Amino acid sequence: MPDSGAVAPPAAPARVTSLDTATIVAVGFAVCLAQIGLAVPATLNGTFQTVLHPTGASQLDWISDCTLLPIAALELTFGVLGDLFGRKKLLVGGARLLLVGEIISGTTTGIAQMYVGQIIAGLGSATLFPTTLAIIASGSRTHASRARMIALWAALLSTGNFIAPMLGGLTATYGSWRTAFWIIAGLAAADAVFSYSFATDSRSPEGRSLDIAGQSAIGLALFALLYGVIEGPTAGWGSGIIVGSFVVAAALLVAFVVIELRVENPLLRMDLFRNRAFALASAVTVLGMFSFLGTAYSISIRMEVIQHQSAMRTAFAFILLSGLTIFLLPLTSFMMARYQPRWILGGGFLLMALGQFLASHVAITDRTLPSLIVPMGLVGVGFSFAVSSVTATVVNTVPPQFSGMAAATTSMVRDFGFAMGPALIGAVALSKAATHFHHALAGAQLPADVKGAATGAGPVVTNSVPPDVPFSKAAPLAVRALDHGYSIGFTVCGIAALACAAVTVALLGGRHEREEEIATVEAAVAV
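With UniProt numbering applied, the sequence shown covers 1 to 527.
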């Protein structure tokens with residue numbers, strides 16, 4: 001007999017309503033705000049390097065990943081909570097958490113406090129992403145209307161990515177970087193009030209219950225995996241703690257699958273993966289979003305940490321990456337209604353790959369903004385097509401009663417890919433840069449004490465020390481090493497996007513096949 005996992009609250013009739021204008025505004029405001037909160041720290045990497053004094057590049061990575069980890073780990077649970085207790089409560093609660101997290105971040109006196117603030121802000125975003133998508137999915141009556149609303153949702157998410165670099169760049173350049181967090185806090189307060197006053201509630205409690213064991217397993221697994229990836233370059237890939245973290249992550253992921261197969265009302269139904277389109281789109285979402293945010297992370301490090309450009313100039317690259325989506329919304333909606341998802345997804349990922357390969361060949365000595373227009377613009381246009389289409393594919397390929405679960409799943413896999421982007425690309429780039437730097441130092445005509453100090457400091461610190469510090473003589477070698485590492489990072493992102501394009505075009509079926517697979521899942525669930 002299946003184990004129930006956790007006792008559900010008394011069943012209530014499903015409350016699913018059509019989307020009214022106020023609810024659409026509340027949803028759009030919330031998802032845009034959540035993405036602003038998520039993206040702002042990455043635009044301030046150079047500032048954090050100066051004012052928070054991280055002891056290594058991994059500490060800088062953890063600022064972004066402290067936000068991304070709770071998002072990736074807890075979105076499934078917040079999807080369940082919204083189904084059970086009402087999504088309006090989560091809209092308001094998520095905005096409040098974001099408010100608290102941004103206040104803590106804005107008053108930070110050190111990197112530890114920044115970690116705490118970003119974890120709490122991440123909890124807020126983890127609440128808002130699946131909740132907003134579930135409201136849209138459950139309130140849309142047809143596949144076509146749902147696809148249009150998801151395109152709008154994705155465009156507003158990307159608008160948050162567009163606003164974040166301008167907010168970070170303007171405040172860091174013309175005022176205080178802390179102001180960015182205070183502005184987000186003010187917007188979060190306004191969002192909470194608006195959602196409480198005007199949003200319409202919805203819920204889908206049938207067949208849903210809290211799954212404490214499943215949530216514990218997936219949350220700890222993702223933390224162990226991210227810890228291993230981020231700390232690997234520092235601790236050593238063969239060290240006991242890194243190998244152990246990967247072993248623990250693998251064991252907990254297996255445990256999660258076993259738990260979900262046994263409980264009566266799982267956090268994530270494994271039988272949904274019998275639907276090839278759902279399984280394929282979920283996998284492609286992880287890899288594609290890894291590719292996109294790995295690119296965003298790499299260009300941020302390249303411009304701010306390596307080239308020491310201002311946050312305002314870095315904002316230009318982020319505008320190209322994310323600012324085009326809202327303007328492409330009419331075209332994206334038209335294409336999603338007219339063409340099969342495989343062609344939109346495949347084309348989007350192909351454009352991303354082309355831009356990423358071009359970015360890997362831009363010389364580190366080229367600090368001009370026009371050099372970024374073509375590579376970052378291609379990635380931005382490709383992402384605009386890909387993110388809308390892949391989200392609609394995941395949500396539209398499950399039975400209607402599981403739209404909330406599908407929304408939470410697509411949010412989880414998207415943000416897990418986002419979390420892995422900076423973590424894995426940072427690990428690869430820094431490992432390659434360190435190796436290149438050490439080899440360059442060994443053959444350089446520099447005093448032994450300079451070589452020793454630079455070796456101990458590493459390429460990131462060596463590139464950033466003031467000119468009066470003796471081992472600053474090794475800075476040119478550090479720049480070339482970091483350029484080598486992050487060029488490889490762009491290439492890895494391009495390979496990932498190219499793989500996504502090939503897989504979706506080759507394996508993702510058409511509408512008739514998806515309808516047959518939905519029927520298969522419904523039959524399996526009914527047994």
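In this text, a Cβ means the ideal position worked out from N, Cα and C, and glycines have one as well. Treat the numbers as computed from the prediction; the structure is a model and nothing was measured.
So is D20 buried or exposed if we call it buried at 16+ other beta carbons inside 10 Å? Start at 1 with the first residue of the sequence shown, and residue 20 comes out as number 20. A residue is called buried when at least 16 other Cβ atoms come within 10 angstroms of its Cβ; D20 does not meet this threshold and is exposed.
Who are the Cβ neighbours of T159 in its own chain at under 6 Å, not counting the five residues just before and after it? Taking the sequence shown and counting its residues from 1, the one referred to as residue 159 is at position 159. Excluding sequence neighbours, T159 sits near C32, I326.
At 4 residues or longer, and completely inside the segment 169–238: list those alpha helix (DSSP H) runs for me, N to C. Entirely contained in the segment 169–238, the alpha helix (DSSP H) runs reaching 4 residues are, in chain order, 178–198, 212–235.
Starting from M336, trace the alpha helix (DSSP H) in both directions and tell me its first and last residue. Taking the sequence shown and counting its residues from 1, the one referred to as residue 336 is at position 336. Residues 329–338.
Go ahead and label D366 buried or exposed: buried means 16 or more other beta carbons lie within 10 angstroms of its beta carbon, across all protein chains shown. As a working mapping, residue 366 is identified with position 366 in the sequence shown. Around the beta carbon of D366, fewer than 16 other beta carbons lie within 10 angstroms, which makes this residue exposed.
Mind checking whether L446 and A475 have CB atoms under 9 Å apart? To locate residue 446, count along the sequence shown from 1; it is residue 446. To locate residue 475, count along the sequence shown from 1; it is residue 475. No, the pair does not count as a contact, with Cβ atoms beyond the cut-off.
Please go through the same chain and pick out, in chain order, the residues whose beta-carbon is closer than 6 Å to the beta-carbon of C500, but skip the five residues on each side of it. For the purposes of this step, residue 500 is taken as residue 500 along the sequence shown, with counting starting at 1. Excluding residues within five positions, the ones whose Cβ falls inside 6 Å are V284, L287, G288, F349.
Please list, in chain order, all residues of the same chain as L507 whose beta carbon is under 7 Å from its beta carbon, the five residues on each side excluded. Reading the sequence shown from its first residue, position 507 is the one you call residue 507. Excluding five sequence positions before and after L507, the CB atoms of its chain that fall closer than 7 Å to its own CB belong to L280, given in chain order.
Compute the Euclidean distance between the alpha carbons of G175 and D271, then round it to the nearest angstrom. Counting from 1 along the sequence shown, the entry for residue 175 is found at position 175. Counting from 1 along the sequence shown, the entry for residue 271 is found at position 271. So the alpha carbons of these two residues sit roughly 52 Å apart.
Once the 5 residues before and after A523 are set aside, which same chain residues still bring their CB inside 6 Å of it? Residue mapping note: residue 523 aligns to position 523 of the sequence shown, counting from 1. Note that A523 scores 49 on pLDDT, short of 50, meaning its location in the model is unreliable; the coordinates nonetheless yield the value given after this. Answer for A523: no residue qualifies.
What is the DSSP secondary structure of P10, reduced to helix, strand or coil? Within the sequence shown, residue 10 is the residue found at index 10, counting from 1. In this prediction, P10 scores a pLDDT of 45, lower than 50, which makes its location untrustworthy; the coordinate-derived value is nonetheless stated afterwards. Note: P10 maps to coil in three-state DSSP.
Just confirm the distance between the C-beta atoms of A478 and P466, as a whole number of angstroms; I'd bet it's less than 8 Å. Locating residue 478 in the sequence shown gives position 478, where the first residue counts as 1. Locating residue 466 in the sequence shown gives position 466, where the first residue counts as 1. At roughly 14 Å, the Cβ-Cβ gap does not stay under 8 Å, so A478 and P466 are not in contact.
So for V40, helix, strand or coil by DSSP? In the sequence shown, counting from the first residue as 1, residue 40 sits at position 40. Under the three-state reduction of DSSP, V40 is assigned to helix.
Per DSSP, what kind of secondary structure is V374 in: helix, strand or coil? The residue you call residue 374 lines up with position 374 of the sequence shown. Helix, per DSSP.
With DSSP run on the structure shown, which of helix, strand or coil describes V479? Counting from 1 along the sequence shown, the entry for residue 479 is found at position 479. In the three-state reduction of the DSSP assignment, V479 falls in the helix class, which pools H, G and I.
In chain order, what residues of the same chain have a beta carbon less than 6 Å from the beta carbon of I163, not counting five sequence neighbours either side? If you number the sequence shown from 1, residue 163 lands on position 163. Excluding residues within five positions, the ones whose Cβ falls inside 6 Å are I36.
With DSSP as the reference, label V263 as helix, strand or coil. Taking the sequence shown and counting its residues from 1, one reaches residue 263 at position 263. For V263, the secondary structure class from DSSP, reduced to helix, strand or coil, is strand.
Which residues in the same chain as R87 place their Cβ atom closer than 7 Å to its Cβ, once the five residues preceding and following it in sequence are excluded? In the sequence shown, counting from the first residue as 1, residue 87 sits at position 87. Excluding sequence positions up to five before and after R87, its CB lies within less than 7 Å of the CB of T131, A134, I135, D201, S202, R203, all in the same chain and listed in chain order.
Shortest alpha-carbon distance to F437 belongs to which of G456, I425, L351, L84? Here residue 437 corresponds to residue number 437 of the sequence shown, with the count starting at 1. Residue G456 is the option with its Cα nearest to F437.
Hey, how far is the Cα of Q49 from the Cα of L424? The count along the sequence shown starts at 1 and reaches residue 49 at position 49. The count along the sequence shown starts at 1 and reaches residue 424 at position 424. Using only the alpha carbons, I get a separation of about 20 Å.
If contacts are defined as beta-carbon pairs under 8 Å, then residue 530 and L430 qualify, I think. What distance do you get, rounded to the angstrom? No answer is possible for residue 530: the residues shown for the chain start at 1 and end at 527.
How is A154 classed by DSSP in three states: helix, strand or coil? Residue numbering aside, residue 154 sits at position 154 when the sequence shown is read from its first letter. Note: A154 maps to helix in three-state DSSP.
In this structure, does DSSP put A26 in helix, strand or coil? Start at 1 with the first residue of the sequence shown, and residue 26 comes out as number 26. Note: A26 maps to helix in three-state DSSP.
Do A185 and G106 have their C-beta atoms within less than 9 Å of each other? In the sequence shown, counting from the first residue as 1, residue 185 sits at position 185. In the sequence shown, counting from the first residue as 1, residue 106 sits at position 106. Taking 9 Å as the Cβ cut-off, A185 and G106 qualify as a contacting pair.
Between which two residues does the alpha helix (DSSP H) containing R269 stretch? Indexing the sequence shown from 1 puts residue 269 at position 269. It is not in any alpha helix (DSSP H) - R269 carries neither H nor E in the DSSP assignment.
Just the C-alpha distance for residue 538 and I104, rounded to the nearest angstrom, thanks. Because the chain is modelled from 1 through 527, residue 538 falls outside the range shown and cannot be assessed.
In whole angstroms, what is the alpha-carbon distance linking A317 and G355? To locate residue 317, count along the sequence shown from 1; it is residue 317. To locate residue 355, count along the sequence shown from 1; it is residue 355. Computed Cα separation, rounded: 12 Å.
Could you check if P330 is buried or exposed, using at least 16 other CB atoms within 10 Å of its CB as the buried criterion? Counted from its first residue, the sequence shown places residue 330 at position 330. Using a 10 angstroms sphere on the CB of P330, the tally of other CB atoms stays under 16, which defines it as exposed.
Specify the secondary structure class of I306 as computed by DSSP and reduced to three states. For this step, residue 306 is matched to residue 306 along the sequence shown. Helix, per DSSP.
How do the segment 206–220 and the segment 246–266 stand: do at least 3 beta-carbon pairs fall below 8 Å, yes or no? When C-beta atoms of the segment 206–220 are compared with those of the segment 246–266, three or more pairs fall below 8 Å, so the two segments count as touching.
State the DSSP-derived secondary structure class of L461, mapped to helix, strand or coil. Counting from 1 along the sequence shown, the entry for residue 461 is found at position 461. Rather than Leu, the amino acid found at residue 461 in this sequence is Val. V461: helix per DSSP, three-state reduction.
When you compare only the Cα positions, how much space is there between S388 and A154? Start at 1 with the first residue of the sequence shown, and residue 388 comes out as number 388. Start at 1 with the first residue of the sequence shown, and residue 154 comes out as number 154. Approximately 5 Å between the Cα atoms of the pair.
Would you call the segment 63–78 in contact with the segment 165–179, where contact means no fewer than 3 C-beta pairs closer than 8 Å? Taking one beta carbon from each stretch, the segment 63–78 and the segment 165–179 have fewer than 3 pairs nearer than 8 Å; the two do not touch.
Inter-residue spacing [alpha-carbon to alpha-carbon] between N161 and L320: Translated into positions along the sequence shown, residue 161 becomes position 161. Translated into positions along the sequence shown, residue 320 becomes position 320. Rounded to whole angstroms, N161 to L320 spans 10 Å at the Cα level.
Taking one C-beta from the segment 294–307 and one from the segment 479–494 each time, how about it: are there three or more such pairs within less than 8 Å? Cβ pair count under 8 Å is three or more, so yes.
L43 versus H53, F29, D61, residue with shortest Cα-Cα distance: If you number the sequence shown from 1, residue 43 lands on position 43. According to the sequence shown, residue 43 is Thr rather than Leu. Of H53, F29, D61, the residue nearest in Cα terms is D61.
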